[in-house]
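Following: one structure in structure tokens, then a few remarks.
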Amino acid sequence: MAGWIEWFKTHLHWFVFIILEIASLVMLFRFSSYHHSVWATHTNALAGKILEWESNMHSYLQLRQINEQLTYENLVLQYNNQLLREELAALKHDTTYVEMLMQEHLASLNVIPAKVVSNSVREKDNIITLDKGLVDGVRTEMGVVSGTGVVGIIYEVSNHYSLVLPVLNSHSNISVRLRGSEHFGSLKWKGGSVLDAYIDGIPLHARFRVGDIVETSGFSSVFPEGIFVGKVSEVFTSQDGLSFELKVRLSVDLATIRDVNIIDNPQKEEIDSLRASVVK
């Protein structure tokens, strides 16, 4: 104890100095209008910067939810666009009927939002892993889309994860058509560019041009018709000379995909059952 007292006596002048400095600063900023305004300005600026950081952090944390919502909304817009193209041509400006049809179709469009856990684009047979599985309602042979178009098809599912056979896989075979026509074919990837795939089997009498839109045909129970796939970028004649082969610039960049929607078609089981009975 005596040592502490001696140390305190030795350094007493420093404590007195600090106390006097604090007191002088308080009196300066309290009784001097100029210094008070300077202090207030700096403290307000600091408080504003802290609030700005807080706001930016909150916005960043909300980005995931916002991105999921935008992905779903883009899918619904594509679906709505296809329905309108089909129905408006047959309707006689009956807006009530249009709304009724829209509600019926949207009610059958069940989607499961999912995140990409892992992805590959440089292999011959690329695979995408999603963070949703059996417990989330995911089953094999469900279509997977993003906000900009087709991604692939679910081919294997565990309780909490699922594997997607993407367009960028040599075994991928998705039925597509040229928008505004009845000509359809199979979309296949030949390797190389992650943005290009091909359609074969388009007849020579088909009328189309570079830039035409390619979309899902609706000829399977996996994808509804009218989901955007890409645009025709080049046209070739097949090796046998009996049809066209189209090069398609894909609408989805699978190298950067993060958020997707899995399409759950409630009628899929019934449709597949009917097709199976016909094959038998």
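Numbering-wise (this note's numbering), the sequence shown opens with residue 488 and increments by one. C-beta: ideal position from N, C-alpha, C; glycine also.
Per-residue burial, residue i [other beta carbons within 10 Å of its own, 16 or more giving buried]
i, result
"SER738", "buried"
"PHE671", "buried"
"THR703", "buried"
"ALA742", "exposed"
"ASN646", "exposed"
"ILE641", "buried"
"PHE706", "exposed"
"VAL625", "buried"
"ILE749", "buried"
"GLY639", "buried"
"GLN590", "Any reading at GLN590 needs caution, since the residue's pLDDT is 49, under 50, leaving its predicted position unreliable; the model's value is listed next. When all chains shown are included, GLN590 counts as exposed."
Residue i - DSSP class collapsed to helix/strand/coil
i, result
"ILE714", "coil"
"THR743", "coil"
Span separating the alpha-carbon of residue i from that of residue j
i, j, result
"LEU621", "ILE689", "38 angstroms"
"SER673", "LEU682", "16 angstroms"
"SER605", "VAL631", "15 angstroms"
"SER649", "SER680", "25 angstroms"
"VAL747", "PRO600", "6 angstroms"
"PHE731", "LEU665", "13 angstroms"
"HIS592", "VAL722", "Bear in mind that a pLDDT of 48 at HIS592, under 50, signals an unreliable position, so the model cannot answer this."
"ILE744", "ILE509", "58 angstroms"
"LEU729", "LEU691", "7 angstroms"
"VAL603", "THR724", "37 angstroms"
"VAL598", "VAL637", "14 angstroms"
"SER471", "THR616", "Outside the modelled stretch of the chain, which goes from 488 to 767, sits residue 471, for which no answer is possible."
"ASP618", "ASP687", "34 angstroms"
"PHE715", "ASP699", "11 angstroms"
"GLU628", "VAL709", "6 angstroms"
"ASN752", "THR635", "19 angstroms"
"VAL644", "SER662", "23 angstroms"
"ASP740", "ARG609", "13 angstroms"
Residues near residue i in its chain [Cβ-Cβ closer than 7 angstroms; skip 5 each side]
i, result
"ASN613", "SER607, PRO653, LEU655 and ASN656"
"ASN831", "The chain is shown only over 488 to 767; residue 831 falls outside these bounds and no answer can be derived."
"TYR685", "LYS675, LYS677, GLU732, LEU733, LYS734 and VAL735"
"LYS611", "SER657 and GLY678"
"ASP623", "ILE599"
6 angstroms Cβ shell around residue i - same chain, five flanking residues per side excluded
i, result
"SER720", "LYS734 and ARG736"
"GLY717", "VAL701, VAL735, ARG736, LEU737 and SER738"
Own chain residues within Cβ distance below 8 angstroms of residue i, not counting five before or after
i, result
"ARG696", "VAL719"
Task: Whole runs of the alpha helix (DSSP H) within the stretch 604-685, excluding any shorter than 4 residues - done: none
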